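Novice:
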Amino acid sequence: MSKPLISLIWAEDRNGLIGQNGGLPWHLPEDMAWFRQQTMGKAVLMGRKTFDSIGKPLPGRFNMVQSRGKPELPDDCHLIHCIDEALAVASDHEELVIMGGSEIYRLWLPLAERLYVTHLEHNFTGDAYFPATDRSRWKLLSRQDHQAATGYCYRFCIYNPR
Ligand SMILES: NC(=O)c1ccc[n+]([C@@H]2O[C@H](COP(=O)([O-])OP(=O)(O)OC[C@H]3O[C@@H](n4cnc5c(N)ncnc54)[C@H](OP(=O)(O)O)[C@@H]3O)[C@@H](O)[C@H]2O)c1
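Each residue of the sequence shown is one higher than the last, beginning at 6 in the working numbering.
The following block contains the structure:
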């Protein structure tokens, strides 16, 4: 069995905030486009709560939803209970992209081999954070700087392990 590359993708504000009331704290269509571009054709795995907030599988991707229970899922979503099961189910894929939220990032972060991070240079309010991690473990591979129509700056970064 081959093992996919494990990556994490997320967007965070200056304080590592990623969520508010089960959704995102911001509206940034450019980040949605970036997310789509980075995940298209790949296997994606999300927590059951993030799946509930999206409400449907992501088109053009192999969708996996992690839960401890047996939530009702559409036929084209694969229910996953643990990391080993996820790796077996995604073994035909080159890359498995972990797409949140907080609990699922915390679980998968020790296995991460690539990070796709959108840094928003702004302080939003919310209740879900990316887990604390030693960022010096990662080296910047690429960076694109942009400015949102609403004024704040953001950047798309890709990191590999040092
Ligand atoms: N900014 C971003 O890039 C980004 C990306 C994704 C999500 N988010 C935000 O993050 C927030 C949601 O994060 P969250 O932490 O509340 O929820 P989550 O990580 O999306 O989902 C949590 C659920 O995952 C399942 N789970 C967690 N640990 C597990 C384990 N060890 N084994 C099996 N299943 C496990 C459980 O499902 P069951 O309860 O069914 O057992 C748990 O309730 C939302 O606000 C969302 O919008 C932000």
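Even for Gly, the Cβ is constructed at its ideal location relative to N, Cα and C. Treat the numbers as computed from the prediction; the structure is a model and nothing was measured.
Can you name the residues that DSSP bridges to Thr-123?
Specialist: Partner(s): Ala-16 and Phe-161.
Novice: For Asn-68, count the other beta carbons within 10 Å of its own beta carbon; 16 or more makes it buried, fewer makes it exposed. Which is it?
Specialist: Buried, since its Cβ has 16 or more Cβ neighbours within 10 Å.
Novice: For the alpha helix (DSSP H) holding Leu-92, just list the boundary residues, first then last.
Specialist: Leu-92 -> alpha helix (DSSP H) spans 88 to 94.
Novice: Helix, strand or coil for Ser-72 per DSSP?
Specialist: Of the three classes helix, strand and coil, the one that applies to Ser-72 here is coil, per DSSP.
Novice: Rounding to the nearest angstrom, what Cα-Cα distance links Arg-119 and Gly-27 in this structure?
Specialist: Going from the Cα of Arg-119 to the Cα of Gly-27 covers about 25 Å.
Novice: Taking 8 Å as the cut-off, decide whether the C-beta atoms of Arg-22 and Gly-131 are in contact.
Specialist: Here residue 22 is Leu; the residue named in the question, Arg, does not match the sequence. In contact: Leu-22 and Gly-131 (Cβ atoms closer than 8 Å).
Novice: DSSP on Trp-143, reduced to helix/strand/coil?
Specialist: Strand, per DSSP.
Novice: Taking the Cβ atom as the reference point for each residue, do Gly-106 and Gly-156 lie within a distance shorter than 8 Å?
Specialist: No, the Cβ-Cβ distance between Gly-106 and Gly-156 is not below 8 Å.
Novice: Hey, quick one: how far does the beta strand (DSSP E) through Met-51 stretch, first residue to last?
Specialist: Start and end: 48 to 52.
Novice: Just the C-alpha distance for His-151 and Lys-144, rounded to the nearest angstrom, thanks.
Specialist: When rounded, the distance between both Cα atoms is 20 Å.
Novice: Which residue wins for smallest C-alpha separation from Cys-87, given the options Lys-75, Val-122 and Phe-135?
Specialist: Among Lys-75, Val-122 and Phe-135, the Cα nearest to that of Cys-87 is on Lys-75.
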